[in-house]
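Report on the following structure.
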Amino acid sequence: MRRLTSRFPGRGALRPPGNDRGSSLMLVPAGVLVVVLLGAIAVDLSAAHLAQRRLVQVTERAADDAAGMLDRDALRSGNAVRVQPAAAERLARLQVGAFEVAGLEATSTSVTLTPDGRGVSVRTQARVRRIFGRGLPGVAPTYRITARATARLE
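Positions in the sequence shown are counted from 1; adding 847 to them yields my numbering.
Following this line, the structure appears as structure tokens:
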């Protein structure tokens, strides 16, 4: 006959005596899997954040340089200083197109001028490939990031 004993006398929780050593061993593989998945997510998010920062830098440089494309005809005729739209757009697209970061694919660049012709806005969209997230089911293989910058002649 087995006798029920209480771990804590007076508490009323009676259990048969036994060895519980193996019960926590089942949790170790699950814990390791959770840590590995969280690490993969952290690496993917860090790579996306780095690519976002680099895309913002390139977009800002492209906007600054595009704003420097002055309309020579307006300058020669003594009119207000303006940005030449075609040259500004061509230069901004060229600079963003020359930008290379591993895992980043620029998808579109739009260049707009302010109505007074003294400002340039550049907006760039790109996709960042996930490093580890591609192996997870139900997860998109890329992140979509956007950068926007405006430069103005003063």
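Heads up, the beta-carbon is just placed ideally off N, CA and C, and yes, glycines get one too.
- The shortest CA-to-CA distance from A953 to any of V881, V930, T989 and V882 is the one to T989.
- Taking 7 Å as the cut-off, the Cβ atoms of A996 and A910 count as close.
- Note that the C-beta distance between D912 and F979 is not below 7 Å.
- In terms of Cα proximity to I888, the closest of I992, D920, R976 and R999 is R976.
- For S893, the enclosing alpha helix (DSSP H) stretches over residues L874 to A914.
- Contact check for R965 against L1000 passes: the beta carbons are separated by less than 7 Å.
- Within the model, the alpha-carbon separation for S957 versus H896 is close to 22 Å.
- Residues P988 of the same chain have their beta carbon placed closer than 8 Å to that of R981, with the five preceding and five following residues left out of the count.
- Taking all protein chains shown into account, D920 has fewer than 16 neighbouring C-beta atoms within 10 Å of its C-beta and is therefore exposed.
- CA-CA distance, Q942 to V905, rounds to 8 Å.
- Beta-carbon to beta-carbon, A898 and V948 are separated by about 6 Å, close enough to satisfy the 8 Å threshold.
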